[in-house]
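Heads up: the structure comes next, in structure tokens.
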Amino acid sequence: MKFMLMTNAPRGDGDWGVKSWTTDELKAHVGFMKVFIGDLKNEGAFVAAEGLAPPAQARIVRAGKKDGSPEVADGPFAEAKEFLAGYWIIDVETPAQAYALAARASLAPGPGGKPLYLPIEVREVMSAPPVEP
775 MKFMLMTNAP RGDGDWGVKS WTTDELKAHV GFMKVFIGDL KNEGAFVAAE GLAPPAQARI
835 VRAGKKDGSP EVADGPFAEA KEFLAGYWII DVETPAQAYA LAARASLAPG PGGKPLYLPI
895 EVREVMSAPP VEP
């Protein structure tokens, strides 16, 4: 079963406090994430993982009604108190395993090296139904 573990950062503007962290605090956080991904690989659960750029860099894209060419806008975006900061896609046998991995990710360190206890949203990645010939 594949699951997406999503971590959100508070405040929809993307300023969730990282700018005020010391260099060592930021290095510890990034180091934790690298170790976590390494652990996922060693455990055979890793599929993909990425951190995302802040919302200010996001764009809304839709096909133009006349010719289908991309129409790109920098907003407006839906009001949000949080934004998606990054995700992991994992492949495990049970939802309980996905929850256990999410709990481990939640412990990423923040200021003072203390765990952030990040909320991690866990959602199963759905597969398409079989196609009849």
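The number in the numbering used here is simply the position in the sequence shown, starting from 1, with 774 added. Note that beta-carbon positions come from the ideal geometry of N, C-alpha and C, so glycine has one too.
Are there three or more Cβ pairs, one per stretch, closer than 8 angstroms when the region 862 to 882 is compared with the region 892 to 902?
yes
Looking only at DSSP bridge pairs, what is residue 778 linked to?
For the purposes of this step, residue 778 is taken as residue 4 along the sequence shown, with counting starting at 1. For residue 778, which the question treats as bridged, DSSP gives the partners 863, 897.
Evaluate residue 781 with the Cβ neighbour count: other Cβ atoms within 10 Å of its Cβ, from every protein chain shown; 16 or more gives buried, anything less gives exposed.
The sequence position of residue 781 within the sequence shown is 7, counting from 1. With 16 or more Cβ atoms within 10 Å of its Cβ, residue 781 is classed as buried.
With a CB to CB cut of under 6 angstroms and the five nearest residues on each side skipped, what residues in its chain are close to residue 825?
Along the sequence shown, read from residue 1 onward, the residue named residue 825 stands at position 51. Here the set comprises 860.
Please report the Cβ distance between residue 908 and residue 864, rounded to the nearest whole angstrom; I am assuming they are in contact, meaning their Cβ atoms lie under 8 angstroms.
Since the first residue shown for the chain is 775 and the last is 907, residue 908 is missing from the structure and cannot be characterised.
Along the chain, where does the alpha helix (DSSP H) that runs through residue 878 open and close?
On the sequence shown, position 104 is the one that residue 878 refers to. Segment 869 to 880, the alpha helix (DSSP H) holding residue 878.
Quick check on the burial criterion: 16 or more other C-beta atoms within 10 angstroms. Buried or exposed for residue 779?
Position 5 of the sequence shown, counted from the start, is the residue given in the question as residue 779. That one is buried.
Opposing strand residues paired with residue 825 [DSSP bridges]
By one-based count along the sequence shown, residue 825 stands at place 51. Partner(s): 860.
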